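Protein sequences appear in the order of chains A and B.
Numbering-wise (the numbering used here), the first sequence opens with residue 107 and increments by one.
Numbering-wise (the numbering used here), the second sequence opens with residue 107 and increments by one.
C-beta: ideal position from N, C-alpha, C; glycine also.
All of these numbers come straight from a predicted model, not from anything done at the bench.
For reference, the structure is listed below as structure tokens.
2 protein chains.
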Amino acid sequence: MRATIQEPSGSSLSVEPDTRQVVARRAKVVILGAGFGGLAAARGLRHADVELTVIDRRNYHLFQPLLYQVATAVLSPAQIAMPIRRILSRQSNVTVLMERVEGIDKESRTVQTTNRRITYDYLVVATGARHAYFGKDEWAETAPGLKTIADATEIRARILSAFERAEAVEDEAERQRFLTFVVVGGGATGVELAGAITELARRVIVRDFRRIDPSSARVVLVEAGNVVLPTMPPKLSEEARRHLETLGVEVFLGEAVTRCDAEGVALAGGRQIRSSCVLWAAGVMASRAAKWLGVPADRAGRVHVDRNLNPPDHNEIFVIGDTASVIGKDGRLVPGVAPAAKQMGEHAARAILSRLDGRTTGPFDYRDYGNLATIGRKAAVADLRRIRLSGFSAWLLWNITHLWFLIGFRNRAVVFVDWALAYVCCDHAARLITDRHER
Amino acid sequence: MRATIQEPSGSSLSVEPDTRQVVARRAKVVILGAGFGGLAAARGLRHADVELTVIDRRNYHLFQPLLYQVATAVLSPAQIAMPIRRILSRQSNVTVLMERVEGIDKESRTVQTTNRRITYDYLVVATGARHAYFGKDEWAETAPGLKTIADATEIRARILSAFERAEAVEDEAERQRFLTFVVVGGGATGVELAGAITELARRVIVRDFRRIDPSSARVVLVEAGNVVLPTMPPKLSEEARRHLETLGVEVFLGEAVTRCDAEGVALAGGRQIRSSCVLWAAGVMASRAAKWLGVPADRAGRVHVDRNLNPPDHNEIFVIGDTASVIGKDGRLVPGVAPAAKQMGEHAARAILSRLDGRTTGPFDYRDYGNLATIGRKAAVADLRRIRLSGFSAWLLWNITHLWFLIGFRNRAVVFVDWALAYVCCDHAARLITDRHER
């Protein structure tokens with residue numbers, strides 16, 4: 107006869123009268139990464155009787171979709187980032203550690219970080235993505251990507267410094283180089299960056315200079331494929347391209363970058379563009395998760411997982427978000443977008459809860475709510491499956507959606523006020539050149 | 107007979123019929139530095155018919171009195187800094203250049219910057235102050251000071267990282283070292299920093315950790331002299347010290363630092379304090395202005411100027427603010443505080459205007475409105491000459507005064523909302539560890 111006794115701490119004690127085996131320990135769940143996926147998993151387990159450890163190399167959760175607004179001096183970093191501890195401070199079953207993962211030992215079920223070894227019963231790997239330069243890693247120094255706050259403030263500094271140098275120099279050719287901006291990559295990030303830089307040049311800072319006319323700045327968007335926003339229906343891609351050109355962005359399609367250095371870029375078709383500011387929005391690859399786990403990955407380094415989000419032979423491990431490669435019900439790859447990561451995190455939490463209760467749960471089922479991208483300050487394109495929007499209504503929807511998903515009441519209120527002011531007054535107080543660009 | 111003709115541009119044309127000499131050129135005024143002094147001079151000349159050039163190595167004006175709040179994660183950089191171009195964008199007679207000064211040639215009346223040579227008829231030198239380490243410049247790497255935004259975010263990162271490391275490590279002695287903070291220097295900056303770190307540890311982040319108790323953090327304020335806030339009346343200095351101790355700060359008076367490295371500090375009396383976070387608030391020295399001008403300076407490098415704020419033999423040059431050494435009407439040195447810099451800038455502008463009109467103006471007359479310093483989140487000391495306040499009323503006055511002097515409506519509104527929220531909710535959203543501390 108087996109008796110189950112509830113201990114005051116909430117853990118279950120299983121007593122086998124015959125063998126006198128006493129097993130009393132809460133399950134240990136370790137979550138690597140506090141992005142959309144990792145946090146969704148942590149919150150999904152907030153009522154669970156587990157020992158939860160969330161590990162991230164940074165102390166904040168970053169709302170990445172708005173990162174381009176920090177890069178173009180519309181928002182400040184603190185308005186799109188929230189300390190992880192603050193988000194989880196009321197969840198008593200979680201410990202947060204600011205550590206960098208060095209490796210994972212699947213056999214001993216241990217995570218090795220810089221200063222610690224942490225054992226787990228269940229592991230959720232949600233370590234996200236990094237920039238990819240298609241083998242030309244030396245381009246990273248010249249052309250920063252946009253994945254972290256440090257990236258965003260670096261890009262902001264380069265954009266603003268370019269206008270400052272243009273104002274200061276005497277040589278006309280140099281002035282032109284400083285007033286030329288190149289964005290490589292026509293996905294959502296590249297489109298949003300290009301549109302925002304143009305808006306900055308033509309509306310925000312246009313009266314701030316005496317020797318140059320900022321609105322004469324040249325913004326070039328270079329895309330190797332045939333359309334911008336390739337994940338959108340063709341009609342919306344075309345609308346986006348036309349709108350970018352109306353804003354003043356030069357869109358070069360079917361052009362790959364062959365050279366990228368301090369002078370500018372060269373394109374496959376032979377064209378050269380002299381620029382002091384080249385930004386990389388052309389490729390991402392997964393974190394090192396596949397290497398740590400020693401499991402198969404795709405060309406971008408994403409871990410192949412099954413419909414339960416487990417890698418082969420280890421159903422105590424879940425790999426989610428941008429670092430996972432999941433095939434959805436429709437046979438297509440689940441995209442590396444925030445809502446997908448969130449849903450995967452929620453699935454991992456539900457799966458773990460079920461396992462703890464001795465139940466089973468169904469496979470992961472991605473619900474695609476659609477796709478949005480802004481272009482400048484008044485327009486966007488939105489593909490919501492049955493509804494397609496473009497222009498101002500899409501832009502409004504984009505803002506409401508993103509505002510809603512921001513974590514924390516305070517941030518929503520502050521960002522709302524900021525956006526309202528920015529929209530009405532063109533007042534970009536976040537236009538600071540800081541840190542290593544301080545001369 | 108002399109005829110004076112007003113040209114449409116506003117400049118005066120003097121025609122001497124006999125000699126046919128035509129002199130038609132607006133006076134060139136160059137201002138080095140866009141801090142309180144430089145900006146006050148620029149704004150004082152906003153209606154003047156001059157060619158004004160403002161040069162600063164950064165693109166923003168910094169409200170330094172609130173810098174310690176960025177360092178202790180209460181405010182974000184963008185809330186206390188405003189782009190110089192934005193501040194001056196409506197002033198049509200001014201050109202802003204983001205350049206670093208390399209030298210000044212008094213004979214040819216030229217300023218040499220990294221990329222330009224700029225001639226002047228009148229020069230206002232307002233280049234401020236830097237940290238001084240009393241000959242131990244190697245301490246700068248271990249113990250950052252607080253003069254720039256980069257300083258503030260560096261200090262913020264070190265403070266927050268110390269708590270993160272304390273949470274992660276296993277060794278008890280190391281944990282203690284991470285939970286010990288040392289502030290060197292008992293002036294206003296040191297007092298404000300020490301009080302704010304204590305508040306952060308005991309109120310703001312106290313619930314965010316599981317393995318450590320942040321309120322057990324040790325904050326030590328070390329002062330070589332016999333009192334904190336030496337520029338205040340003795341009674342207020344004593345009140346400040348007592349209030350710091352009530353907050354939990356350990357105040358060591360009459361103790362100079364003899365060693366400062368990654369392990370902590372050693373004091374002259376023999377005491378050693380192990381700490382991973384030592385902050386320097388103990389000394390400032392002037393910018394290189396005296397060297398550029400080749401004129402006499404005091405021990406801190408400040409340029410000796412007369413009651414008109416001119417260095418010897420050059421009444422077309424004005425040196426103002428923290429980089430100047432001025433004796434006031436009362437025979438005492440005018441202090442290196444924001445209101446003094448502002449008044450000196452206004453005087454320089456008036457003096458230049460008078461000279462252009464062929465008038466004379468009286469000497470600089472410093473009006474000392476008093477002295478304020480906060481201690482933690484609810485108290486301050488205020489010496490307003492006839493009135494002395496301490497406690498909550500002083501704190502309220504401090505906030506109102508600083509809020510009022512912030513430049514720009516938007517910043518005032520945002521900072522007010524921020525402070526209100528921080529005070530009510532203990533919600534410090536600016537608690538980010540960014541940039542080179544990202545691991």
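Any non-hydrogen atom of the ligand SAM closer than 7 Å to residue i Cβ
i, result
"Ile193(B)", "Absence of the ligand SAM from the depicted structure is noted, as is the absence of any ligand whatsoever, leaving it without description."
Distance between beta carbons of residue j and residue i, contact taken as under 8 Å
i, j, result
"Phe555(B)", "Val230(B)", "As displayed, chain B neither begins before 107 nor continues past 545, which places residue 555(B) out of reach and without an answer."
"Ile255(A)", "Leu203(A)", "Going by Cβ atoms, the distance from Ile255(A) to Leu203(A) rounds to 20 Å, so no, they are not a contact pair."
"Gly505(A)", "Asp489(A)", "It is Asn, not Gly, that sits at residue 505(A) in the sequence shown. Between Asp489(A) and Asn505(A) the Cβ distance is about 17 Å, and since that is not below 8 Å, they are no contact."
"Val290(B)", "Trp386(B)", "5 Å"
"Arg236(A)", "Thr219(A)", "The Cβ separation is near 18 Å, so there is no contact."
"Arg380(B)", "Gly370(B)", "4 Å"
"Val411(B)", "Pro402(B)", "Actually they do not touch by this definition, with Cβ atoms about 10 Å apart."
Residue-level contact to chain B via CB, residue i, 8 Å cutoff
i, result
"Tyr166(A)", "yes"
"Leu203(A)", "yes"
"Ile539(A)", "yes"
"Asn221(A)", "yes"
"Ser182(A)", "yes"
"Ile224(A)", "no"
"Ala177(A)", "no"
Cα-Cα separation between residue i and residue j, rounded to whole angstroms
i, j, result
"Gly360(A)", "Ala268(A)", "27 Å"
"Ala272(A)", "Phe284(A)", "5 Å"
"Ala300(B)", "His453(B)", "35 Å"
"Thr540(A)", "Gly434(A)", "43 Å"
"Arg408(B)", "Leu415(B)", "12 Å"
"Ala395(A)", "Gly143(A)", "14 Å"
"Cys366(A)", "Ala263(A)", "19 Å"
"Met391(B)", "Pro250(B)", "15 Å"
"Asp227(A)", "Arg281(B)", "28 Å"
"Gly334(B)", "Gly150(B)", "Looking at the sequence itself, residue 334(B) is Val, so the reference to Gly does not match. Roughly 36 Å separates the two Cα atoms."
"Ile261(B)", "Gly468(A)", "49 Å"
"Arg324(A)", "Thr286(A)", "5 Å"
"Leu327(B)", "Ala307(B)", "15 Å"
"Val128(A)", "Ala274(B)", "For Val128(A), the predicted model reports a pLDDT of 49, less than 50, meaning its position is unreliable; a value from the coordinates is still stated below. Taking the straight line from one Cα to the other gives about 31 Å."
"Ala388(B)", "Val297(B)", "11 Å"
"Leu373(B)", "Phe358(B)", "10 Å"
"Arg316(B)", "Val363(A)", "49 Å"
"Ala430(A)", "Arg461(A)", "22 Å"
"Leu343(A)", "Val312(A)", "The residue asked about is misnamed: residue 343(A) is Ser in this sequence, not Leu. Distance between the alpha carbons of Ser343(A) and Val312(A) is about 29 Å."
"Lys134(A)", "Leu158(A)", "6 Å"
CB contact check: residue i to chain A, cutoff 8 Å
i, result
"Ala249(B)", "no"
"Ile261(B)", "no"
"Pro469(B)", "no"
"Ala536(B)", "yes"
"Glu544(B)", "Note that Glu544(B) has pLDDT 41, beneath the 50 cutoff, so the model's placement of it is unreliable and no number is given."
"Ala133(B)", "no"
"Ile379(B)", "no"
"Ile186(B)", "no"
"Ala256(B)", "yes"
Other residues of its chain near residue i: CB distance less than 6 Å, five sequence neighbours each side excluded
i, result
"Gly354(B)", "Thr304"
"Val217(A)", "Val136, Ile210, Ile224"
"Lys448(A)", "Phe142, Ala146"
"Gly482(A)", "Gly301, Glu305, Leu353"
"Arg152(B)", "Gln197"
Own chain, CB closer than 7 Å to residue i, minus 5 neighbours either side, in chain order
i, result
"Pro189(B)", "Asn165, Tyr166"
"Leu172(B)", "Leu181, Ile186, His508"
"Leu194(A)", "Ala148, Val160, Val200, Val202"
"Gly375(A)", "Glu361"
"Arg456(B)", "Gly150, Thr467"
"Asp471(A)", "Lys435"
Neighbourhood of residue i by C-beta distance below 8 Å, restricted to the same chain and skipping five residues each side
i, result
"Thr125(A)", "Any reading at Thr125(A) needs caution, since the residue's pLDDT is 45, under 50, leaving its predicted position unreliable; the model's value is listed next. Answer for Thr125(A): no residue qualifies."
is_contact[residue i, chain D] using C-beta, thresh 8 Å
i, result
"Ser321(B)", "Absence of chain D from the displayed structure is noted, the protein chains being A and B."
Contact list for the stretch 312-334 of chain B against chain A, Cβ threshold 8 Å
Only Arg313, Asp314, Phe315, Arg316, Arg317 from the stretch 312-334 of chain B bring a Cβ to less than 8 Å from some Cβ of chain A.
The stretch 266-285 of chain B: positions lying closer than 7 Å to chain A by Cβ
Leu266, Glu270, Glu273, Ala274, Val275
Taking beta-carbon pairs under 7 Å, can you tell me which members of the stretch 188-215 of chain B lie near chain A?
Close to chain A, meaning a Cβ-Cβ distance shorter than 7 Å, are the following residues of the stretch 188-215 of chain B: Met188, Pro189, Arg191, Arg192, Ser195, Thr201, Leu203, Met204, Glu205, Arg206.
In chain order, what residues of the stretch 139-169 of chain A put their CB closer than 9 Å to some CB of chain B?
Arg163, Arg164, Asn165, Tyr166
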